Structures are given as C-alpha cells and as structure tokens.
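Heads up: the sequence shown is residues 0 to 361, going by numbering that gives the first Met the number 0. Note that the Cβ used here is the ideal one computed from N, Cα and C, for glycine as well. Predicted model only: the values in this text are computed from it and were never measured. Below is one structure, written out as structure tokens; the observations come after it.
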Amino acid sequence: MMYRDNPLKDMPWAEFQQLSITEKAAHFQRNGRPYHALVAQQFDRPSLERHCALATKIRRIAKTRGGLLFLQDLLREKRAMLYFSQPSTRTFLSFHAASQLVGLQLANVRDTTTSSEIKGESQEDSVRTFSSYFDMIIMRHPEGGFAERIAWLLANTSRPVPVINAGSGKDQHPSQALLDIYTLQRHFEERGGIDGKTIVFVGDLARGRTVRSLAMLLALYRNMSMVFVAPPELQIGKDILGALSAAGVQFAVTDNFEQVMPAADAIYMTRIQDEWDQPGESGKRDTSRFHLRAEHLTWLKGDAAILHPLPRRAEIAPEIDADPRALYWRQVRNGMWIRAALILSIFERDAEADRYYRDLTS
Ligand code: NCD
Numbered sequence: 000m001m002y003r004d005n006p007l008k009d010m011p012w013a014e015f016q017q018l019s020i021t022e023k024a025a026h027f028q029r030n031g032r033p034y035h036a037l038v039a040q041q042f043d044r045p046s047l048e049r050h051c052a053l054a055t056k057i058r059r060i061a062k063t064r065g066g067l068l069f070l071q072d073l074l075r076e077k078r079a080m081l082y083f084s085q086p087s088t089r090t091f092l093s094f095h096a097a098s099q100l101v102g103l104q105l106a107n108v109r110d111t112t113t114s115s116e117i118k119g120e121s122q123e124d125s126v127r128t129f130s131s132y133f134d135m136i137i138m139r140h141p142e143g144g145f146a147e148r149i150a151w152l153l154a155n156t157s158r159p160v161p162v163i164n165a166g167s168g169k170d171q172h173p174s175q176a177l178l179d180i181y182t183l184q185r186h187f188e189e190r191g192g193i194d195g196k197t198i199v200f201v202g203d204l205a206r207g208r209t210v211r212s213l214a215m216l217l218a219l220y221r222n223m224s225m226v227f228v229a230p231p232e233l234q235i236g237k238d239i240l241g242a243l244s245a246a247g248v249q250f251a252v253t254d255n256f257e258q259v260m261p262a263a264d265a266i267y268m269t270r271i272q273d274e275w276d277q278p279g280e281s282g283k284r285d286t287s288r289f290h291l292r293a294e295h296l297t298w299l300k301g302d303a304a305i306l307h308p309l310p311r312r313a314e315i316a317p318e319i320d321a322d323p324r325a326l327y328w329r330q331v332r333n334g335m336w337i338r339a340a341l342i343l344s345i346f347e348r349d350a351e352a353d354r355y356y357r358d359l360t361s
C-alpha cells in the first residue's frame with residue numbers, strides 16, 4: 000500500500016541513483032499512471048493515448064462557459080507552485096494557463112536571487128519550505144536530475160507532493176514531448192496515425208532536451224524511422240541511440256539536411272542551445288545548413304508537418320509560417336490542453352472530465 004501511495008519513500012538516494020532510467024521511471028508512477036512527471040520513459044503507449052484523448056475532451060469542454068466553469072471547479076481546492084529557476088516564459092505561461100484551466104491556485108518563484116538562497120540556504124531546503132504551502136510543484140531547473148532529487152526528497156518527508164519536470168538541464172522535457180506527440184497525433188489522425196512515419200530532427204540534438212524526450216516517446220510507436228540531422232559535435236546522445244536500437248527503431252545520423260527533406264513526414268526543428276557554449280564558441284559555428292528556408296517547401300511532402308518547440312531564431316524562415324504544414328503555433332495551443340490533461344491525471348480527477356464529456360456528447 001505504502002509503495003503505491005508513495006513509491007519513492009524509503010529508497011536510499013544512493014541506491015536510487017544507481018537505477019537505470021526505466022527502473023527509476025517505475026518509481027514515479029502511482030496506480031498505473033504518472034504521479035511525478037519527470038522523464039519521458041514513464042509513458043507507455045496506452046498512457047500517451049489516454050492523455051491525448053483527455054486533452055481533446057478538455058479542449059472541447061472548454062468551448063462553452065459552462066464547460067469552462069466545470070473545468071475550473073475540478074481542482075479548485077488545490078494549490079500549485081511554479082518554480083522556474085531557469086529562463087522561461089512560454090513553458091511557464093503554458094503551465095500557468097493549463098493550471099488555471101483546471102482551477103489550480105498558483106504561486107510562482109522565478110528569480111531565486113530574491114529568496115533566502117541568497118542567505119546561503121540550499122535549493123533543496125528552499126523547495127522543501129515552499130512545498131509546505133502547495134499540493135504540486137512544477138519546476139524548471141538548469142541541472143539535469145534536480146526535479147528528480149526534489150521528488151525523492153519530498154517523498155521522504157511527512158508531506159510528499161507530486162513534481163512535474165518542466166525542463167531539466169540538457170536532459171529531459173517530458174511535457175514538451177507530450178505536446179509534440181499530441182500535435183503529431185492530431186496531424187496524422189486521418190493519415191494512419193503516427194505509426195510508420197519518418198521523423199527528421201534538426202539542429203542542436205546534443206543539448207536539446209525536447210528532442211531527447213520526444214525521441215523516447217516516438218519509439219513507442221510501430222515501424223518508426225528517425226533521422227538526426229546536426230553538425231557532428233551537436234549530434235544526438237549515444238544513450239538515446241542505444242535506447243532506440245533496443246526499441247527496434249530504424250534511425251540514421253547525418254549532417255545533410257537537404258538530402259533527407261523529401262523523406263520526412265515530420266520535421267522537428269530546434270534552436271542551437273548556445274547558452275551551454277564555452278565563451279567565444281558560438282561565434283565560430285555556422286549552422287545555416289540546418290535552417291529551413293522558404294525554397295525548401297517544394298522539397299517537402301505535401302502533408303509533412305513542421306514542428307518547433309520555440310523559441311525560434313533563424314532555423315525556420317518566417318515566410319514558412321503561412322504554409323499549412325507549419326504546425327508550431329498549434330503546438331503552443333496544444334501544450335495548454337495536454338498539460339491540463341497531465342495535471343488532472345496526476346490528481347486522478349480525469350474520470351470526472353470523461354463523464355462530463357460523455358454527457359455533453361450523448
Ligand atoms: C525549449 C526548452 O526550453 O528546452 N523551449 C520550450 O520549452 N518550449 C526549447 C529551447 O529553449 O530551445
């Protein structure tokens with residue numbers, strides 16, 4: 000019983016750290032669903048499908064005033080803290096809007112220099128203090144694994160609360176991967192679904208956490224092909240390629256973007272994450288070969304999907320925005336629905352939304 004309610008409790012930290020990522024993932028689940036949402040490896044295909052279906056129901060329920068009021072009542076008694084100690088506006092606002100949609104009351108910490116951390120308090124102590132006032136923590140942090148550590152730490156206090164990873168270092172960004180899956184699923188709905196598609200990832204694949212998380216989710220689909228397009232020094236990590244091999248995914252690694260464009264069912268563009276560069280390093284790199292320009296549009300399949308987690312720089316020419324294949328603005332909107340779905344599911348309040356939706360459509 001204890002294990003189901005609080006799966007990380009009583010597991011020594013040293014022992015926990017030795018586990019593989021899939022072993023760890025099992026400890027973030029409760030009652031067969033994510034309790035903490037920390038890594039992409041927590042999701043299996045049925046759970047992706049459940050979250051996407053719930054996001055669609057929420058999206059439709061939210062079309063009327065009655066529906067919006069119903070949603071806002073679901074978690075009215077709960078409070079969440081957005082703890083974002085790394086620059087973010089879009090993911091922050093997306094979680095903010097998603098939380099408001101399902102009625103969570105919110106507070107946020109964004110600039111940790113105004114808190115007692117400046118007095119020498121450890122970040123662990125700060126988060127533990129703040130967590131006393133809340134029922135959920137949604138956190139972004141520059142250090143990979145920090146959200147995981149907080150989840151473990153809180154699990155071993157008298158007041159454990161769920162933790163959602165909203166971006167951890169260069170490592171993982173599971174909620175972004177969920178919204179990417181939701182966007183792809185909607186795009187391919189009438190085209191046989193995501194199974195069997197060729198997904199081309201472009202840009203900074205070494206430090207782009209969105210790509211790392213999304214590749215793991217896409218590996219749950221059948222007959223997938225993935226192509227990783229990047230300068231050699233920014234190529235996708237061996238850990239991800241190893242996991243893809245183990246999952247039977249076909250993949251290729253290249254630095255020739257133009258050559259692979261015609262085969263793509265979806266292109267996932269990313270920004271060079273030069274905030275991780277050594278001083279002076281970024282100026283030396285010419286990444287224009289990894290840009291999608293307007294003249295490339297005729298090279299792409301007529302129904303290809305163009306995605307980007309944003310923020311964009313020069314990777315996608317602004318003229319492309321008007322092309323029906325450009326889905327990045329839709330991704331933003333989808334992010335709000337799927338994050339609301341994730342939050343409801345963590346609090347185990349999704350059945351109420353299912354019921355409301357059934358009554359609405361019967
Ligand atoms: C991404 C991130 O923070 O990893 N942004 C986001 O959350 N949408 C991508 C990026 O910063 O390039």
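Legend entry - Enclosing beta strand (DSSP E) for His-140 [first to last residue]: 135 to 140
Legend entry - Tyr-2 (DSSP reduced to helix, strand or coil): Residue placement at Tyr-2 cannot be trusted, given a pLDDT of 43 that sits under 50; the coordinates are not used to answer.
Inset, instruction - Quick one: residues in its chain with C-beta nearer than 6 Å to the C-beta of Ala-218, no 5 flanking neighbours on either side, listed in chain order? - result: Leu-243, Ala-246, Val-248
Inset, instruction - Keeping to the same chain, check which residues put their C-beta closer than 6 Å to that of Tyr-220; ignore five residues upstream and five downstream. - result: Ile-193, Asp-194
Inset, instruction - Mind reading off the beta-carbon distance from Val-376 to Ala-265? Whole number of angstroms is fine, and I expect it under 8 Å. - result: Outside the displayed range of the chain (0 to 361) lies residue 376, so it cannot be described from this structure.
Legend entry - Distance, Lys-8 Cα to Glu-22 Cα: 15 Å
Legend entry - beta-carbon Gln-175 near the ligand NCD non-hydrogen atom, thresh 7 Å: yes
Legend entry - Thr-90 CB to nearest heavy atom of the ligand NCD below 7 Å: yes
Legend entry - DSSP-derived helix/strand/coil call for Leu-217: helix
Inset, instruction - Go ahead and label Met-0 buried or exposed: buried means 16 or more other beta carbons lie within 10 angstroms of its beta carbon, across all protein chains shown. - result: Because the pLDDT at Met-0 is just 36, under 50, the model does not fix this residue reliably, and the value given afterwards should be weighed accordingly. When all chains shown are included, Met-0 counts as exposed.
Legend entry - Presumed contact (8 Å Cβ cut-off) between Val-38 and Gln-171, rounded CB distance: 5 Å
Inset, instruction - Please classify Tyr-355: does DSSP put it in a helix, a strand, or coil? - result: helix
Inset, instruction - Compute the beta-carbon to beta-carbon distance between Arg-190 and Asp-302, rounded to the nearest angstrom, for a pair I have assumed lies under 8 Å. - result: 7 Å
Legend entry - Cβ of Ala-146 within 8 Å of any chain B Cβ: The structure shown contains no chain B; it holds only a single protein chain.
Inset, instruction - Out of Val-210, Gly-282, Asp-322, state which residue places its alpha-carbon closest to the alpha-carbon of His-295. - result: Asp-322
Legend entry - Contact check, Ile-180 vs Leu-204, beta carbons under 8 Å: no
Inset, instruction - Could you check what DSSP says for Leu-18 in three-state terms: helix, strand or coil? - result: coil
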